[in-house]
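Working notes, beginning with the structure itself.
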Amino acid sequence: MAHEQIALALTVNGKPVNRRVPPRMLLSDFLRHELHLTGTHVGCEHGVCGTCNVEVDGKVVRSCLMFAVQVEACAVNTVESLGTIAKLHPLQQAFWEKHGLQCGFCTPGMLMTAKELLANNPNPTREDVADAISGNLCRCTGYQTIIDAVMSAAEAMRNTELNEVTSS
Amino acid sequence: MKPAPFEYVRPHTLDEVLRLLAEHGDAAKLIAGGQSLVPMMNFRMARPALLIDINGLATLDYHRRDGDTLVIGALARHATLSASALVRSLCPLISDAYLHVAHGAVRNRGTLCGNLCHADPASEMPAVMLVLGATLVLRSAKGERRVSATEFFQGIYATAVTASEMLVEVRIPVSDVRCGHAFEEVSARKGDYAMALVASTLDVRGGRIHAAALAYAGVSDRAVRIASLEARLVGQVPSQTLFDEVAAAAADSIDVSEDQHADRAYRRDLIRTLTPRALAQAAARAAA
């Protein structure tokens, strides 16, 4: 049975993307195999591990639980949108400084999830952070250093915002 | 871990969705949030030939008060409902239960109506809908019918929805301000499916229980509300002894299931522990 490919137009990390995709292609596979954005990791492929979390229209979602055809006309942001080697995002900097990763497999999902938390709650408690990352599995760190990192990034981001307000 | 091939359509009107369902029946599957369906497709436990994406029906993304009823549309997402001040004020049991529903990324996408149609036996919202006496509005190309939550849930992943129907709206009676509510759950991790959960409301008047609703999920093949247990509560003075008796009766009367997460004896223990905890909290919250 022939299955038609469907034309897809969207924005990924701020850049327009046009492709034809089969309906059954998962968003996670689209990002990795079609766009070569391999920062989005694929762990369980059934919505449990959180390592494939990306942002779709400002909300964090599991990219293994969406089909690429569903993000037509959406704005998708992956971990590649956060920072560069030369200029890390405050969350990436904090994960480095606070040892928020060991093997790094869960890190992209952790970063995207933490970014949404801090956008909604710039001054979280450790419990808030633990709750926010409860849908992201990490088998290395025991989570405490990840919470340290997110708390540290939150403080850094608050200070940056404060400096920007006072200097303007 | 990849879905089998399927055809995909994203209609922009409800009429078009219903026409497609009438035409394709069992071969078609609706997708809203997809947070239960897509894992099943990835495992190939579900292999729809046609996927009808209802995310284009923006008019179904609503929740509002309609007289004495809280109405929730087919595309209302968990994240919206769990953060809603309106839901908290009209049906606080829903807000309390949402503290146990999945994780942020899943709540951002998943919908209440999709969750109810999936009818996972360990899911929170079916039990909540039973306790609150919700009515579910099913529509097909031929018309509309309304079923009670009690009629709706029929077994593991089984509901009253036929292949040509769609759950378009849930209608929930606004909770009486006199009612106290409580929701208690034990799961392996926060946000995971329940090994046992209890949802309850109690209306206490003049120091006696005037009306009671008590439902369980995660312990058998579907969410269950048990009238015989509620009858034991009505007319009684709330007390630990009473609640313990009802808990023991619940553990004995439910056909408790077991799986790799928890055996039968443990689930019965959970019922005996969570039931008095929930009833005591509901009684404490009820206006005197």
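Line order of the protein sequences matches chains A and B. The first sequence maps to residues 876 to 1043 in the numbering used here. The second sequence maps to residues 1179 to 1466 in the numbering used here. Here a beta-carbon is modelled for each residue, glycine too, at the ideal position from N, C-alpha and C.
Taking Cβ to Cβ, would you say residue i is nearer than 8 Å to residue j?
i, j, result
"B:HIS1359", "B:ASP1441", "no"
"A:LEU910", "A:VAL892", "yes"
"B:ARG1400", "B:ILE1334", "yes"
"B:CYS1295", "B:THR1247", "no"
"A:THR1035", "A:LEU976", "no"
"B:VAL1364", "B:ALA1372", "yes"
"B:LEU1316", "B:MET1303", "no"
"A:GLU955", "A:GLY914", "yes"
"B:ILE1209", "B:LEU1229", "yes"
"A:VAL944", "A:VAL931", "no"
"B:PHE1361", "B:LEU1271", "yes"
"B:THR1340", "B:SER1326", "no"
"B:PHE1421", "B:LEU1448", "no"
"B:GLN1213", "B:GLY1288", "yes"
Less than 7 Å between the CB of residue i and some heavy atom of the ligand PLP, yes or no?
i, result
"A:GLY933", "Here there are no bound small molecules, and the ligand PLP is not part of this structure."
Reducing DSSP to helix, strand and coil, say where residue i ends up.
i, result
"A:GLN967", "helix"
"B:GLY1251", "strand"
"B:LEU1198", "helix"
"B:VAL1355", "coil"
"B:SER1318", "strand"
"B:PHE1421", "helix"
"A:ASN996", "coil"
"B:PRO1181", "coil"
"A:THR982", "helix"
"A:MET876", "Below a pLDDT of 50, predicted positions are generally treated as unreliable, and A:MET876, at 46, falls in that range; no measurement from the model is reported."
"B:PHE1361", "strand"
"A:THR913", "coil"
"A:ALA950", "strand"
"B:ILE1432", "coil"
"B:THR1191", "coil"
"B:THR1313", "strand"
"B:SER1326", "strand"
"B:LEU1215", "helix"
So residue i and residue j are in contact, right, with Cβ under 8 Å, and what is the actual spacing, rounded?
i, j, result
"B:CYS1357", "B:LEU1375", "Rounded, the Cβ-Cβ distance is 19 Å, inconsistent with contact."
"A:GLN967", "A:GLY979", "That belief does not hold up - the Cβ atoms of A:GLN967 and A:GLY979 are roughly 11 Å apart, past 8 Å."
List the endpoints of the continuous alpha helix (DSSP H) containing residue i.
i, result
"A:ILE1008", "Here A:ILE1008 belongs to no alpha helix (DSSP H), and DSSP marks it neither H nor E."
"A:ARG899", "Looking at the DSSP string, A:ARG899 is not in any alpha helix (DSSP H), and its letter there is neither H nor E."
"A:ASP1058", "Residue numbering for chain A in the displayed model covers 876 to 1043; residue 1058 of chain A lies beyond these limits and cannot be assessed."
"B:TYR1444", "1442-1463"
"B:ARG1285", "1282-1287"
"B:GLN1265", "The identity of residue 1265 of chain B in the sequence shown is Val, whereas the question assumes Gln. Element bounds for B:VAL1265: 1263-1268."
"A:THR959", "Note, A:THR959: premise wrong, no alpha helix (DSSP H); not H, not E."
"B:SER1260", "1256-1260"
"B:MET1223", "Premise fails: B:MET1223 is in no alpha helix (DSSP H) and is neither H nor E."
"B:HIS1296", "1290-1296"
Span of the beta strand (DSSP E) holding residue i?
i, result
"B:MET1373", "1372-1383"
"A:VAL931", "928-931"
"A:VAL936", "934-937"
Tell me residue i's beta-bridge partners as DSSP assigns them.
i, result
"B:TYR1186", "B:LEU1229"
"B:ILE1350", "B:LEU1248"
"A:PRO891", "A:THR886"
"B:HIS1241", "B:ILE1250"
"B:TYR1394", "B:VAL1376 and B:VAL1402"
"B:PHE1150", "What is shown of chain B runs 1179 to 1466, which leaves residue 1150 of chain B out entirely."
"A:PHE942", "A:LEU901"
"B:LEU1208", "B:ILE1230"
"B:MET1303", "B:MET1303 is not bridged to any residue."
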